[in-house]
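Asks: Going left to right, the sequence shown walks through residues -19 to -1, 1 to 138 as mature numbering (1 follows the signal peptide of the UniProt record, and there is no 0) numbers them.
All residues carry an ideal CB built from backbone N, CA and C; glycine is no exception.
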Amino acid sequence: MRTFLLLFMSLLLPTTLFSQDICTTSYSVVSSYDFDETLKRLKVTFEEKNLTLFAEINHTAHAEKVGLPLTSATVLLVGNPKAGTPLMQQNVEVAIELPLKILVFKKEGTAQVYVHFKKLVPLAKQYFSSNDDQLHASLKQIENTMIRLIEQTVMEK
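1) Do you know offhand how far valine 135's Cα is from histidine 40's?
2) Taking the beta strand (DSSP E) that asparagine 39 falls in, what are its first and last residues?
3) Give the DSSP bridge partners of histidine 43, in chain order.
4) Are the beta-carbon atoms of valine 56 and lysine 82 separated by less than 8 Å?
5) Just to confirm before moving on: does the CB-CB distance between tyrosine 108 and serine 12 stay below 8 Å?
6) Leaving out the 5 sequence neighbours to the left and right, which residues in its chain are closer than 7 Å to valine 102 when beta-carbon positions are compared?
7) Exposed or buried, lysine 100, counting other C-beta atoms within 10 Å across all chains shown (16 or more means buried)?
8) When burial is assigned at 16 or more other CB atoms within 10 Å of the CB, is glycine 60 buried or exposed?
9) With respect to the alpha helix (DSSP H) encompassing phenylalanine 16, which residues constitute its N-terminal and C-terminal limits?
10) Enumerate in chain order the residues of its own chain whose CB-to-CB distance from leucine 34 is below 8 Å, with the five nearest sequence positions on each side excluded.
11) When DSSP labels each residue in this structure, what does lysine 82 get in the three-state scheme?
12) Within a Cβ cutoff of 8 Å, which residues of the same chain sit near leucine -14, ignoring the five residues on either side of it in sequence?
13) Go through its chain and collect everything with a Cβ distance to alanine 36's Cβ below 6 Å, but skip five positions before and after it.
14) Given that a residue counts as buried once 16 or more other Cβ atoms are within 10 Å of its Cβ, and exposed if not, what is leucine 49?
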C-alpha cells in the first residue's frame, strides 16, 4: 500500500508543480449546436478553407468496441502542409504536435458541446528559440485563424 501511495504521489507531483494555466495553453468554446452538427459544420468549414482533414478519431466508438461508456468525443486532425512544413523544417520534433488536434466533446451530464485545442504559441516554446519574432508571429496568426474559423462555425451570430 505504501509503495502504491508513493507511486501515486510521484505521478501527481509533476502536474501540480509544473502545470500551466489552461487559459494560456488551450482554447475552448461552447458550440451553439449539438455534437453531430458541430462536427459536420467544422468539417465543412475546414474543407471550404482548403485545410486538410488528416484524420477523424471517434473516441466514443472505440470505447464502445471494448464495452466502455464515454461521452461523445471526437478529435479532428487538421492542418495545412504549407503552414506546418516550414515549422517542421526548422525543428522536426514539432511534428509530434502537428497537425492541429481539434477536440469536439459533449460535456458529460449536460447538453453542452465544446470545441477545444492546444494553442500553438505556448507549445512552440518547447521547440523553438523564444527570440524568433517572425516564428512567434506566424504561430500566433495560425492560432488566431483557427480560433476565428471555429467561432464563426460553431457560434450563432
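Replies: The short version:
1) For the purposes of this step, residue 135 is taken as residue 154 along the sequence shown, with counting starting at 1. For the purposes of this step, residue 40 is taken as residue 59 along the sequence shown, with counting starting at 1. Going by the C-alpha atoms only, they are around 21 Å apart.
2) Taking the sequence shown and counting its residues from 1, the one referred to as residue 39 is at position 58. Here the beta strand (DSSP E) through asparagine 39 covers 33 to 39.
3) On the sequence shown, residue 43 is found 62 positions in, with the first residue counted as 1. Histidine 43 pairs with nothing; no bridge assigned.
4) To locate residue 56, count along the sequence shown from 1; it is residue 75. To locate residue 82, count along the sequence shown from 1; it is residue 101. The answer is yes: Cβ separation under 8 Å.
5) Sequence index remark: in the sequence shown, residue 108 carries index 127 (1-based). Sequence index remark: in the sequence shown, residue 12 carries index 31 (1-based). For tyrosine 108 and serine 12, no; Cβs fall outside 8 Å.
6) In the sequence shown, counting from the first residue as 1, residue 102 sits at position 121. Correct list, in chain order: His117, Leu120, Lys121, Glu124.
7) One-based indexing of the sequence shown puts residue 100 at position 119. It counts as buried.
8) On the sequence shown, position 79 is the one that residue 60 refers to. By the neighbour-count rule (16 or more Cβ atoms within 10 Å), glycine 60 is buried.
9) Here residue 16 is taken as the residue at index 35 of the sequence shown, counted from 1. Counting along the chain, the alpha helix (DSSP H) containing phenylalanine 16 begins and ends at 16 to 29.
10) As a working note, residue 34 is residue 53 in the sequence shown. Lys24, Phe27, Glu28, Leu57, Leu58, Val59.
11) Against the sequence shown, residue 82 aligns to sequence position 101. Residue state, collapsed to three classes: strand.
12) Here residue -14 corresponds to residue number 6 of the sequence shown, with the count starting at 1. Low local confidence applies: a pLDDT of 38 at leucine -14 is under 50, so the model's placement there is unreliable, with the coordinate-based value given in what follows. Once the five neighbours on either side are set aside, leucine -14 has no close Cβ partner at all.
13) Looking up residue 36 in the sequence shown gives position 55. If we look at alanine 36 and ignore the five residues flanking it on each side, its Cβ neighbours are Leu58.
14) As a working note, residue 49 is residue 68 in the sequence shown. Leucine 49 should be labelled exposed.
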